[in-house]
Amino acid sequence: MSEKYKRLISKLLEGDIRSAARLITLVENDIQIAEKIISQVYKHTGNAYILGITGAPGSGKSTFISTLVKKFIEQEKKIGIICVDPTSPLTGGALLGDRIRMKQHFSMGNVFIRSMANRGQLGGLARATEDTIKILDAFGCDIIIVETVGVGQSEVDIFKSAHTVLVLLVPGMGDDIQVIKAGIMEITDIFIVNKMDLPGADRKVSEIVQMLELNMNYKFDNNNLNEDFAKINRWTPEIIKTNSKTGENFENLLEVIAKHKEFLLETGVISNYLKSRIKSETLKILKYKLSQKIEKLIDDSHAIEELIEEVKERSMDPYSMANKIVQMLGIEENF
Ligand SMILES: Nc1nc2c(ncn2[C@@H]2O[C@H](COP(=O)(O)OP(=O)(O)OP(=O)(O)O)[C@@H](O)[C@H]2O)c(=O)[nH]1
Ligand SMILES: [Mg+2]
Numbered sequence: 199m200s201e202k203y204k205r206l207i208s209k210l211l212e213g214d215i216r217s218a219a220r221l222i223t224l225v226e227n228d229i230q231i232a233e234k235i236i237s238q239v240y241k242h243t244g245n246a247y248i249l250g251i252t253g254a255p256g257s258g259k260s261t262f263i264s265t266l267v268k269k270f271i272e273q274e275k276k277i278g279i280i281c282v283d284p285t286s287p288l289t290g291g292a293l294l295g296d297r298i299r300m301k302q303h304f305s306m307g308n309v310f311i312r313s314m315a316n317r318g319q320l321g322g323l324a325r326a327t328e329d330t331i332k333i334l335d336a337f338g339c340d341i342i343i344v345e346t347v348g349v350g351q352s353e354v355d356i357f358k359s360a361h362t363v364l365v366l367l368v369p370g371m372g373d374d375i376q377v378i379k380a381g382i383m384e385i386t387d388i389f390i391v392n393k394m395d396l397p398g399a400d401r402k403v404s405e406i407v408q409m410l411e412l413n414m415n416y417k418f419d420n421n422n423l424n425e426d427f428a429k430i431n432r433w434t435p436e437i438i439k440t441n442s443k444t445g446e447n448f449e450n451l452l453e454v455i456a457k458h459k460e461f462l463l464e465t466g467v468i469s470n471y472l473k474s475r476i477k478s479e480t481l482k483i484l485k486y487k488l489s490q491k492i493e494k495l496i497d498d499s500h501a502i503e504e505l506i507e508e509v510k511e512r513s514m515d516p517y518s519m520a521n522k523i524v525q526m527l528g529i530e531e532n533f
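Heads up, the sequence shown is in our numbering, so the first residue is 199 and it goes up one at a time.
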């Protein structure tokens with residue numbers, strides 16, 4: 199561990215914002231450096247409460263988050279916001295808009311905003327986001343908001359890192375329900391019908407109720423809970439109407455977020471949640487490391503060429519070839 203990283207980490211722990219920004223860039227761009235940094239930072243994490251917020255484009259996420267953040271600031275909370283963009287270039291403009299709308303919070307000193315746009319993170323977007331969460335946690339954020347557009351698989355993974363998941367929907371036909379990945383709906387704790395001032399808000403609430411009635415598997419699998427435990431300790435998703443422009447109903451929303459946090463703590467669901475998160479995160483790292491190793495082997499090895507020939511000649515089948523490669527990696531056969 200170089201002195202440079204050590205210095206950055208100790209400044210991060212003192213709450214130095216520039217060190218936080220620098221460390222996030224480092225973990226984002228290089229998984230080997232990330233490994234070194236996170237190994238030092240991890241013991242200082244575990245204090246932040248993580249909120250995942252998603253919604254179709256234009257549903258009001260930026261406005262909603264700005265209003266929510268103002269409320270948290272009133273409670274003297276330190277807040278980190280991570281805007282996760284899918285790699286689609288279409289969202290570039292939207293992101294810029296977000297930056298401008300949320301800029302007011304920079305000056306307030308206790309809000310840190312970071313976007314994870316289009317960097318082609320090594321080891322994946324979810325890995326980079328999880329590491330960024332850890333850095334902001336160690337930085338001393340009480341609340342970390344992870345905002346996504348809710349359409350990609352990596353976003354579903356990212357949401358598994360959140361304690362409370364909020365999905366924004368808006369009055370109107372059920373299109374937005376279709377846009378959001380089904381996997382996200384299943385792990386949503388609080389449904390927000392934003393733009394409650396527009397006609398059709400109650401109708402949207404009914405649509406969500408109907409959808410929830412159909413989807414009986416809510417959260418059963420997400421936390422890898424024992425089924426009996428899950429049946430007793432089951433959170434019923436709440437639905438709240440909000441107006442993000444006026445702040446109407448946000449007090450109510452804060453209460454429900456607090457209630458969900460209490461539920462996680464009192465039932466012990468939080469510990470299952472943590473276990474499943476550690477498992478899935480480690481699995482992701484392992485998959486990445488193994489695939490790197492396999493790719494390197496395949497690129498460098500002449501032996502692979504010979505195996506390919508054999509499979510081509512049909513004197514070997516692809517499963518057997520895979521097992522040979524596993525042997526070459528030094529891992530037990532048929533793993
Ligand atoms: N009437 C009404 N308009 C709202 C409300 N919340 C947000 N808006 C408006 O909806 C539009 C989109 O809001 P944004 O906050 O940019 O939505 P977004 O989900 O961040 O949009 P993208 O970043 O493009 O995905 C803006 O014109 C907001 O002023 C609300 O509660 N009521
Ligand atoms: Mg936005």
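Cβ atoms here follow ideal geometry from the backbone N, Cα and C, with glycine treated the same way.
Practice prompt. Flag this pair as yes or no: are the beta carbons of A326 and V225 separated by less than 8 Å?
Written response: Position 128 of the sequence shown, counting from 1, holds the residue named residue 326. Position 27 of the sequence shown, counting from 1, holds the residue named residue 225. Against a cut-off of 8 Å, the Cβ pair of V225 and A326 comes out as a contact.
Item to complete: Determine, using beta-carbon pairs with one atom in the segment 241–250 and one in the segment 344–364, whether at least three such pairs fall under 8 Å.
Response: As far as the Cβ criterion goes, the segment 241–250 touches the segment 344–364, which means the pair count is three or higher.
Item to complete: Grab the span of the alpha helix (DSSP H) containing E507 for me, first residue to last.
Response: As a working mapping, residue 507 is identified with position 309 in the sequence shown. Start and end: H500 to K510.
Item to complete: Could you say which of I382, V344 and S404 lies nearest to Q351 if we only look at CA atoms?
Response: In the sequence shown, the residue the question calls residue 351 occupies position 153. Per the Cα distances, I382.
Worksheet item: Tell me, which residues are paired with C281 by DSSP?
Response: Here the question's residue 281 lines up with position 83 in the sequence shown. The beta-bridge partner set that DSSP reports for C281 consists of S313 and E345.
Worksheet item: Of the choices S499, G253, K510 and S260, whose alpha-carbon is the least far from that of V391?
Response: Residue numbering aside, residue 391 sits at position 193 when the sequence shown is read from its first letter. Ranking S499, G253, K510 and S260 by CA distance to the CA of V391 puts G253 first.
Worksheet item: Mind pulling the alpha helix (DSSP H) runs of 4 or more residues that sit fully within the segment 342–386?
Response: List check, alpha helix (DSSP H) in window: 351–357, 373–377 and 380–383.
Item to complete: Per DSSP, which residues does I437 bridge with? Please list them.
Response: Translated into positions along the sequence shown, residue 437 becomes position 239. DSSP output for I437 lists F389 as bridge partner(s).
Discussion item. One question on the structure: do V309 and V377 come within less than 8 Å of each other, judged by their Cβ atoms?
Written reply: If you number the sequence shown from 1, residue 309 lands on position 111. If you number the sequence shown from 1, residue 377 lands on position 179. No, they are not a contact pair.
Worksheet item: What's the gap between the Cα of E508 and the Cα of D355?
Response: Here residue 508 is taken as the residue at index 310 of the sequence shown, counted from 1. Here residue 355 is taken as the residue at index 157 of the sequence shown, counted from 1. One C-alpha to the other measures close to 39 Å.
Item to complete: Indicate whether L452 and K269 have their beta-carbon atoms separated by less than 8 Å.
Response: For the purposes of this step, residue 452 is identified with residue 254 of the sequence shown, where counting begins at 1. For the purposes of this step, residue 269 is identified with residue 71 of the sequence shown, where counting begins at 1. The Cβ-Cβ distance between L452 and K269 falls below 8 Å.
Worksheet item: Among P435, Q490 and V368, which residue has its Cα nearest to the Cα of K402?
Response: Residue numbering aside, residue 402 sits at position 204 when the sequence shown is read from its first letter. Closest by C-alpha distance to K402, out of P435, Q490 and V368, is V368.
Worksheet item: Do L396 and A218 have their CB atoms nearer than 8 Å?
Response: One-based indexing of the sequence shown puts residue 396 at position 198. One-based indexing of the sequence shown puts residue 218 at position 20. Not a contact, by the Cβ cut-off of 8 Å.
Worksheet item: Nearest to E212 by alpha carbon, out of C339, L323 and E272?
Response: Position 14 of the sequence shown, counted from the start, is the residue given in the question as residue 212. The option with the nearest alpha carbon to E212 is C339.
Worksheet item: By the 10 Å Cβ neighbour count, where 16 or more other Cβ atoms means buried, how is K494 classified, buried or exposed?
Response: Looking up residue 494 in the sequence shown gives position 296. Around the CB of K494, fewer than 16 other CB atoms lie within 10 Å, so the residue is classed as exposed.
Practice prompt. Under 7 Å Cβ to Cβ from E201, same chain only, skipping five residues before and after it: list those, please.
Written response: Translated into the one-based positions of the sequence shown, residue 201 becomes position 3. When the five nearest sequence neighbours on each side are left out, no beta carbon in the same chain lies closer than 7 Å to the beta carbon of E201.
Worksheet item: Considering only residues of the same chain and omitting the five flanking positions on each side of L210, which have a CB-CB separation below 8 Å?
Response: Counted from its first residue, the sequence shown places residue 210 at position 12. For L210, the CB contacts under 8 Å within the same chain, skipping 5 residues up- and downstream, are S217, A218, L221, V239, I333, A336 and F337 in chain order.
Worksheet entry | Inter-residue spacing [alpha-carbon to alpha-carbon] between K482 and L366 | Here the question's residue 482 lines up with position 284 in the sequence shown. Here the question's residue 366 lines up with position 168 in the sequence shown. Spanning the two alpha carbons is a distance of roughly 28 Å.
Discussion item. So if DSSP puts L249 in a beta bridge, which residue, or which two residues, is it bridged to?
Written reply: Numbered from its first residue, the sequence shown carries residue 249 at position 51. Answer by DSSP bridge pairing, in chain order: I343 and T362.
Item to complete: Use the C-beta contact count for G295: other C-beta atoms within 10 angstroms, 16 or more gives buried, fewer gives exposed.
Response: Taking the sequence shown and counting its residues from 1, the one referred to as residue 295 is at position 97. Unreliable placement is indicated for G295, whose pLDDT of 48 sits below 50; no coordinate value is reported for it.
Worksheet item: Using a threshold of 7 Å, is the CB atom of S260 nearer than that to any non-hydrogen atom of ligand 2?
Response: Taking the first residue of the sequence shown as 1, we reach residue 260 at position 62. Yes.
Worksheet item: What do you reckon, are the CB atoms on I455 and I388 nearer than 8 Å?
Response: Counting from 1 along the sequence shown, the entry for residue 455 is found at position 257. Counting from 1 along the sequence shown, the entry for residue 388 is found at position 190. Result yes, Cβ atoms of I455 and I388 sit closer than 8 Å.
Item to complete: Confirm the yes/no value for this check: CB of P397, any heavy atom of ligand 1, distance under 7 Å.
Response: By 1-based counting over the sequence shown, the position of residue 397 is 199. The answer is no for P397.
Worksheet item: Does ligand 1 have even one heavy atom less than 7 Å from the beta-carbon of N450?
Response: On the sequence shown, position 252 is the one that residue 450 refers to. No, since every heavy atom of ligand 1 falls outside the 7 Å radius drawn around the Cβ of N450.
Worksheet item: Taking 7 Å as the cut-off, does the CB of V347 come closer than this to any heavy atom belonging to ligand 1?
Response: What you label residue 347 is simply residue 149 of the sequence shown in a count that begins at 1. At least one heavy atom of ligand 1 sits closer than 7 Å to the Cβ of V347.
Worksheet entry | C-alpha distance - Q195 paired with Q490, whole-angstrom precision | Missing from the structure shown is residue 195; the chain here goes from 199 to 533 and no further.
Practice prompt. Taking only the alpha-carbon atoms, compute the straight-line gap between L364 and T223 and give it to the nearest angstrom.
Written response: Position 166 of the sequence shown holds residue 364. Position 25 of the sequence shown holds residue 223. In this model, L364 and T223 are separated by some 27 Å (Cα to Cα).
Worksheet item: Can you round the beta-carbon distance between T440 and M394 to whole angstroms, since I take them to be within the 8 Å contact cut?
Response: Counted from its first residue, the sequence shown places residue 440 at position 242. Counted from its first residue, the sequence shown places residue 394 at position 196. T440 to M394, Cβ: 6 Å. Contact.
Worksheet entry | For E446: DSSP bridge partner residues | Locating residue 446 in the sequence shown gives position 248, counting from the first residue. For E446, which the question treats as bridged, DSSP gives the partners N441.
Worksheet item: With respect to the alpha helix (DSSP H) encompassing E405, which residues constitute its N-terminal and C-terminal limits?
Response: Working through the sequence shown from its first residue, we reach residue 405 at position 207. Looking at the DSSP string, the run of the alpha helix (DSSP H) that includes E405 is A399 to L412.
Worksheet item: Do you know offhand how far H458's Cα is from D329's?
Response: One-based indexing of the sequence shown puts residue 458 at position 260. One-based indexing of the sequence shown puts residue 329 at position 131. Cα to Cα, H458 sits roughly 24 Å from D329.
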